[in-house]
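Let me begin by presenting the structure, written as structure tokens, before commenting on it.
Numbering (our numbering), first residue to last: 7 to 221.
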């Protein structure tokens, strides 16, 4: 196995940033579109192109996604969060090179959309995505908390449930969305909510200190 090749059955923290801190998730529509691509590309070689998928009604889109991702997936999503200049994902690789193929698909799809929308050309992301192996269940649940608190840490919202573009509300059962598979964590909604909120102020203070040190 090559040094940087990811392994099946393992979880990885995936992150990528925009070029030069450019605000790429700058509208609700763009964020929702990106989240839809997260679902659409869970399986390789969809039966319907994404352009045709977008022309379906909301009901037909839901039917297609539920049927299309019921089997033969290349990754599982455990958590996600979109920020104005970057995104975080926790992915479990299910097939060889599944994470690489999946991330390439979602990045290329959003780049095409964004460039057409804003009449620009060229790359949108800072090269290849970053990935870190998650080595334990304990690390996994703490990582979900870190990701879900990102909007709070950056003072975008005061409560993570007020940020519409993360998986936090799936975890506390305050949405009908079922994009993520976090059964491995074996957590109850109330306990997870307390777990996250207990760290809110500390993570925000830590972020401020870190910024001061860098500056």
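The beta carbon of each residue, even a glycine, is placed where N, CA and C say it ideally should be.
Predicted model only: the values in this text are computed from it and were never measured.
8 Å or more divides the Cβ of residue 198 from the Cβ of residue 98. Taking every protein chain shown into account, the CB of residue 129 has fewer than 16 other CB atoms within 10 angstroms, so this residue is exposed.
In the three-state reduction of the DSSP assignment, residue 99 falls in the strand class, which pools E and B.
Following the DSSP letters along the chain, one finds residue 119 inside the alpha helix (DSSP H) bounded by residues 104-123.
The Cβ-Cβ distance between residue 137 and residue 47 does not fall below 8 Å. Below 8 Å, enough C-beta pairs join the stretch 150-157 and the stretch 78-86 to call them touching: three or more. Using a Cβ distance threshold of 8 Å, residue 205 and residue 177 do not count as a contacting pair.
Looking only at 203, 169, 171 and 36, the smallest Cα-Cα distance to residue 117 is reached by 36. With at least 16 other beta carbons inside 10 angstroms of its own, residue 18 counts as buried. Per DSSP, the continuous alpha helix (DSSP H) segment holding residue 37 begins and ends at 34-46. The three-state secondary structure of residue 172, taken from DSSP, is strand. Contact between residue 139 and residue 191 fails: their C-beta atoms lie close to 17 Å from each other, not under 8 Å. Between residue 81 and residue 54, the beta carbon gap of about 19 Å keeps them out of contact (Cβ cut-off 8 Å). The three-state secondary structure of residue 66, taken from DSSP, is helix. The beta carbon of residue 150 sits closer than 6 Å to the beta carbons of 85 from its chain, once the five residues preceding and following it are set aside; these are given in chain order. Runs of alpha helix (DSSP H) with 4 or more residues, each lying fully within the stretch 128-186, are found at 143-154, 156-159 and 174-177, listed in chain order. Comparing C-alpha distances from residue 13 to each of 104, 210, 71 and 92 shows the shortest one belongs to 104.
If you ignore the 5 residues before and after residue 209, its C-beta comes within less than 6 Å of the C-beta of 155 and 159, all in its own chain and listed in chain order.
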